[in-house]
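Structure record follows, encoded as structure tokens.
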Amino acid sequence: MSLAFSESKILPTNPREDISLEIGTQSLFPSLVWSTLFDDRVSFNAKILELANQMRSNDPNGVSNTNVKGWQSPNILQDLAEFEDINLRILQVCQRIAESQHFQPNVVLDHQAWVNISPPGASNKLHYHANCHFSGVYYVSLKEPECGSIYFRDPRVASRMFTSPITKQTDFTAEEVRMRPEEGRMYIFPGWLEHGVELNQSTEDRVSISFNVRATQQAAPSRP
Numbered sequence: 279m280s281l282a283f284s285e286s287k288i289l290p291t292n293p294r295e296d297i298s299l300e301i302g303t304q305s306l307f308p309s310l311v312w313s314t315l316f317d318d319r320v321s322f323n324a325k326i327l328e329l330a331n332q333m334r335s336n337d338p339n340g341v342s343n344t345n346v347k348g349w350q351s352p353n354i355l356q357d358l359a360e361f362e363d364i365n366l367r368i369l370q371v372c373q374r375i376a377e378s379q380h381f382q383p384n385v386v387l388d389h390q391a392w393v394n395i396s397p398p399g400a401s402n403k404l405h406y407h408a409n410c411h412f413s414g415v416y417y418v419s420l421k422e423p424e425c426g427s428i429y430f431r432d433p434r435v436a437s438r439m440f441t442s443p444i445t446k447q448t449d450f451t452a453e454e455v456r457m458r459p460e461e462g463r464m465y466i467f468p469g470w471l472e473h474g475v476e477l478n479q480s481t482e483d484r485v486s487i488s489f490n491v492r493a494t495q496q497a498a499p500s501r502p
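Everything in the sequence shown is counted per our numbering, starting at 279 for the first residue and increasing by one.
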């Protein structure tokens with residue numbers, strides 16, 4: 279459908295003061311990103327960092343997905359006993375989120391998790407995670423602020439056809455949103471939300487644990 283617009287008109291700078299104009303807003307289909315920071319992150323991260331470096335030593339090639347010049351492990355952390363602590367925390371956080379969004383009380387969460395080691399010059403291409411309810415990242419080791427932020431792309435594809443002449447970005451007009459990484463912080467977001475990670479411009483590795491979480495409804499017990 280083609281739309282024709284008439285010549286632009288300049289609105290009056292002094293609208294009528296005798297008119298009461300109250301404009302309400304309602305957020306439709308929000309894209310939520312949840313975040314938590316672990317209190318014991320210093321000692322906890324030291325253990326994970328040692329395990330992550332050991333995994334890379336045992337498998338120098340790793341796997342290639344969205345990582346550019348970085349190392350990524352296979353999606354096997356959920357099956358490794360030495361990563362039990364981070365696996366439990368991932369599920370606990372996502373369980374709280376699922377409850378806040380009124381998931382069925384009998385759902386069971388299962389997940390996959392992997393290690394990312396991004397040396398200086400490494401990044402992650404824009405991507406999304408299919409077939410999961412939640413995705414997330416936990417930051418183990420990095421050097422702020424040069425290590426590069428995680429960024430999210432506006433999922434409203436049609437909005438990219440026409441940009442707004444803004445003087446300041448708002449939640450409504452933003453095309454991308456960046457979130458600062460921090461050791462010990464976990465971000466969780468919908469798997470369908472496109473995201474990437476900026477170039478690591480620091481002098482140290484950026485080490486993180488990424489994961490996907492799926493909720494499946496447990497079958498009701500059969501009656502005797």
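By construction, the Cβ of each residue, glycine as well, lies at the ideal position given by its N, Cα and C atoms.
- Nearest to N353 by alpha-carbon distance, out of R456, N490 and E453, is N490.
- Nearest C-alpha to G348 among F450, F440, V393 and Y429: V393.
- By the neighbour-count criterion, in which 16 or more other beta carbons inside 10 Å mark a residue as buried, L366 falls on the exposed side.
- Nearest in C-alpha terms to V418, of all of L299, Q379, D337 and F322, is F322.
- Bridge partners of F467 according to DSSP: S413.
- Straight-line measurement puts the Cα of L471 at about 9 Å from the Cα of S413.
- For D388, the uninterrupted beta strand (DSSP E) segment begins and ends at V385 to S396.
- Residue ranges of uninterrupted beta strand (DSSP E) with 3 or more members, entirely inside the stretch 308-333 and ordered along the chain, are 312-315.
- At a Cβ-Cβ threshold of 8 Å, V385 and A493 count as neighbours.
- In this structure, S427 lies near M457, with their beta-carbon atoms less than 8 Å apart.
- A check of alpha carbon separations from L358 across N339, M333, A376 and S342 identifies M333 as the nearest.
- Taking 3 residues as the shortest admissible run, the stretch 423-452 contains the following complete beta strand (DSSP E) segments, listed from N- to C-terminal end: 428-431.
- In the DSSP secondary-structure assignment, V346 is bridged to S401.
- In this structure G399 is exposed. Its beta-carbon is surrounded by fewer than 16 other beta-carbon atoms within 10 angstroms.
- Counting C-beta pairs with one atom in each stretch, the stretch 447-454 and the stretch 361-376 have fewer than three that are closer than 8 Å, which means they do not touch.
- DSSP places V341 outside both helix and strand once states are collapsed to three, so it counts as coil.
- With 16 or more other Cβ atoms from the protein chains shown falling within 10 Å of its own Cβ, P459 counts as buried.
- Taking C-beta separations shorter than 7 Å and ignoring five residues to either side along the sequence, the partners of T481 in its chain run P398 and K421, following chain order.
- By the neighbour-count definition (other C-beta atoms within 10 Å, threshold 16), D483 is a buried residue.
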